[in-house]
Amino acid sequence: MIITRKGSRNDIGKREGFIIVTASWLIISFFGAIPFVVSGAIPNYSDAFFETISGFTTTGASILNNIEAVPKGLLFWRSMTHWIGGMGIIVLSLAILPLLGVGGMQLFMAEVPGPTPDKIHPRVAATAKRLWFIYVAFTLAETVLLMGGGMNLFDGLCHSFGTLATGGFSTQNASIANYSPYIQYVIIFFMILAGINFTIHYFVIKRLFNKVKQDQELKFYLLVLGISTLLIAGTLMLENVLPAREAFRHGLFQVVSIVTTTGFVTYDYLQWPTFVWFIIVLLMFTGGCAGSTGGGIKMSRILLLLKNSTLELKRQIHPNALIPVKLNNRTVPQELVNNVLAFFLIYMIIFAFGSLIMALLGLDFKSSVGSVAATLGNIGPGIGRVGPVSNYADIPLAGKW
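This is the structure in structure tokens:
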């Protein structure tokens, strides 16, 4: 990039931005896998690459059968891949790129996707610095609170990395299941924060509460979390699976973990009623807010799809009426709506095609659908053979790639 910069224009186009981002993930994952192979913790390079790229992309899908047997140094690196990838390798480097004279807005857009991104500051480098300041502050705050609940510094840092990055790598085989309710609620709180657009956190810090109140995506995000938790917790209580308090805590934890695409678990939800499975699978196709560290389709896109679908019905009734789609009291250009529709269609095609390939490789229906939905949405644990108490170790080599 530095070599080709000389004599070239400052601005990076959309195509170049996405190429640089994609290449960055692949290159850093290629080298990031080396410590696992050299140490012998994951001797097979394909498995090591899978674990590493799962970390950097904050997917959280693992091939490790006994996490607690892995040396702490490697576990720390494993969690660090989450934290680095959480806000984006490119966003981190934007503080340096302007020194080279390289335009950064397209890189920022490629790393922080969303239909209506708001810039905290007109300069991309300044925006990146502010985002990272909030990111680091949340990480330190969660670490302190986790240590207050009995975690040691190592586990506190590693779980904070996994939470704020919405990655889900744990240092324990049972993930968060064996920790106290206090620790589980702390992680729930920070998972919710990590799933919110980081510009909202900046607005809160600056006391720009009117902007926070006007954000429809935030309201929709919290509404999805609330309704889903009530449905799951209510089902667990009515079916006498768990007592009220535990049903609420485990239900809330799994909803937040799936929606924010973190992937931590406190309970084997495959033991829950089929209706709960259905909700969990649906939630795998949501994701965090635009501009958050969460993956998935994103709440803003889903909200636009719902708004457009509703307005399309009105247009059918009143064919001559010009009814624009609005988000946060602003008219959304039709081109952007079309892009969201195209994104959703491509997402579902990839999901269907990927599920078919996994089935051809010998996986059963639930495992095929669950593995693709969980990895495509950057969640990690799915259903079937890749459920919350299993991993991706037994997935065929071709399926991992």
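First residue of the sequence shown? That's 37 in the numbering used here, and the numbers climb one at a time after it. Yeah, the Cβ is synthetic: ideal placement off N, Cα and C, and Gly gets one too.
How is the alpha helix (DSSP H) around residue i delimited, first residue to last?
| i | result |
| --- | --- |
| R114 | 108-123 |
| E282 | 280-295 |
| D251 | Element bounds for D251: n/a, residue is neither H nor E. |
| D83 | 81-92 |
| T30 | The structure shown does not extend to residue 30, since the chain spans only 37 to 437, so no value can be given for it. |
| Y383 | 370-396 |
| Q208 | Premise fails: Q208 is in no alpha helix (DSSP H) and is neither H nor E. |
| A230 | 217-230 |
| H237 | 234-241 |
| V73 | 70-75 |
Going straight from the alpha carbon of residue i to that of residue j, what length do you get?
| i | j | result |
| --- | --- | --- |
| I22 | W61 | The structure shown does not extend to residue 22, since the chain is modelled only from 37 through 437, so no value can be given for it. |
| T163 | K242 | 14 Å |
| M335 | E253 | 6 Å |
| R45 | S211 | Low per-residue confidence applies at R45: pLDDT is 49, beneath 50, and the placement is therefore not dependable enough to give any value. |
| I64 | I56 | 12 Å |
| P149 | L278 | With a pLDDT of 48 at P149, under the threshold of 50, the predicted position of this residue should be treated as unreliable, though the coordinate-derived value follows. Approximately 38 Å between the Cα atoms of the pair. |
| G435 | S403 | 12 Å |
| F284 | F67 | 42 Å |
| A97 | T88 | 10 Å |
| I99 | T93 | 15 Å |
| W168 | M123 | 7 Å |
| L111 | I333 | 29 Å |
| I103 | A77 | 10 Å |
| L135 | K165 | Confidence in L135 is poor, its pLDDT being 43 and thus under 50, which makes the residue's placement unreliable; the coordinate value appears in the next sentence. The alpha-carbon atoms of L135 and K165 are separated by roughly 14 Å. |
| G406 | L372 | 30 Å |
| G121 | G91 | 7 Å |
| L261 | V295 | 8 Å |
| A59 | K343 | 35 Å |
| G299 | P355 | 44 Å |
| K108 | T207 | 9 Å |
| I419 | T271 | 19 Å |
| N365 | K249 | 12 Å |
With a 10 Å radius around its C-beta and 16 neighbouring C-beta atoms as the bar for buried, classify residue i as buried or exposed.
| i | result |
| --- | --- |
| P417 | buried |
| D83 | buried |
| L318 | exposed |
| L349 | exposed |
| W437 | exposed |
| I224 | buried |
| Y303 | buried |
| S129 | Summary for S129: the model assigns pLDDT 46, below 50, so the residue's position carries little reliability; its value from the coordinates is reported in the next sentence. With 16 or more other Cβ atoms within 10 Å, it is buried. |
| N80 | exposed |
| P424 | buried |
| S216 | exposed |
| R281 | exposed |
Given 8 Å as the limit, is there contact between the stretch 217-227 and the stretch 273-290, that is, 3 or more CB pairs closer than that? yes
Report the start-end ranges of each alpha helix (DSSP H) in the stretch 291-345 that is 4 residues or longer and not cut off at the edges. 310-319
Segment contact flag, the stretch 111-121 with the stretch 184-204, C-beta cutoff 8 Å, min 3 pairs: yes
Fully enclosed by the stretch 411-437, which alpha helix (DSSP H) runs are 4 residues long or longer? 433-436
Would you call the stretch 261-279 and the stretch 308-323 in contact, with 3 or more CB pairs under 8 Å? yes
Is the number of C-beta pairs between the stretch 382-394 and the stretch 174-192 that are closer than 8 Å three or more? no
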